[in-house]
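Trainee: Handing you this structure, nothing more for now.
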Amino acid sequence: MREKLVQVQDEKDCILLIAELLKKGDFSVKNLLIDLMNTTKDDAVLNLCIRLFCSVCTHEDLENPQNLNFLANVSELGALTFASSAINSLSYEVIPYLLALWEDWEDTDVAVAIRDSLDSYLDYYDVLGEEADLDEVGQYYLDKVQSVDKRLYYYEKGPIFLGDLTKIIFQRLYMAANQKERFALFIQPSLLSVLSGYHFPLEYGQEVSEQDLRKAQEYVDFLAQKEWKKSTKYFYGYNL
């Protein structure tokens, strides 16, 4: 597969090959991903690069602003993709980029996605309110980051742990089953699938039957057989 990557000319074929190699734990191609992300003029390729980068980036990758040069001239769609994918970075190092983008995309859908991603890290909605402006949130970040161990990877209020994601998912699953509602979670099952490398068996918006609950339980039991470390970022089961 690496031999094909050297020979391939089409950017779409290139990003697909990079994705497959990353899924196999070959993170040596990450630099190729970053180069493509910063040079492509194809929006579809860029959006895939952004999503993939956020899933495989480390703190160190985000600490280097040259890795994200594309943000200087990014389109609204690209900015929206980055804002919504930033949660998957699991790193506080992504926050300065979100704050900078907020200033560029004030009063757009991008700003809404940015605020939601920032809240997932900072939990500032409950403290400052959803209407808090950029300066307020920026200062809140500067204050909060003093008490954060930036060497760890985070999801919402604490260090990331796959077991915590499964608890959130099962709470919503049983609620949907008991109330005859559709399964309304997207982010957590998607994140769990990317981290573990095993696709969550239920889809967003589907009705939840007893059989579906059994499938979900079997999925969780299978994941529980593997050793997952708290505050550690994975991509398809490989430790980053």
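With the numbering used here applied, the sequence shown covers 25 to 264. Every residue, glycine too, gets a C-beta built ideally from N, C-alpha and C.
1. Mind the definition here: the segment 67 to 87 touches the segment 226 to 234 only if three or more C-beta pairs lie below 8 Å; say whether that holds.
2. Within 10 angstroms of the Cβ of R238, are there 16 or more other Cβ atoms? Answer buried if so, exposed if not.
3. With distances taken between CB atoms, is the gap from Y177 to S255 smaller than 8 Å?
4. Considering only the alpha carbon of each residue, which of G102, D133, R139 lies closest to P120?
5. Taking 8 Å as the limit between beta carbons, can you name the residues of its chain near E11, skipping five residues before and five after?
6. Would you call M199 buried or exposed, if buried means 16 or more other Cβ atoms sit within 10 Å of its Cβ?
7. Are L60 and C78 closer than 8 Å when you measure CB to CB?
8. Only counting runs of 4 or more residues, tell me where the alpha helix (DSSP H) segments fall wholly within the segment 120 to 162, in order along the chain.
9. Just to confirm, are I211 and I111 a CB contact at a threshold of 8 Å?
10. Could you have a look at P89 and say whether DSSP puts it in helix, strand or coil?
Mentor: Here's the rundown:
1. no
2. exposed
3. yes
4. R139
5. This structure gives no information on residue 11, because the portion of the chain shown stretches from 25 to 264.
6. exposed
7. no
8. 133 to 146, 149 to 152
9. yes
10. helix
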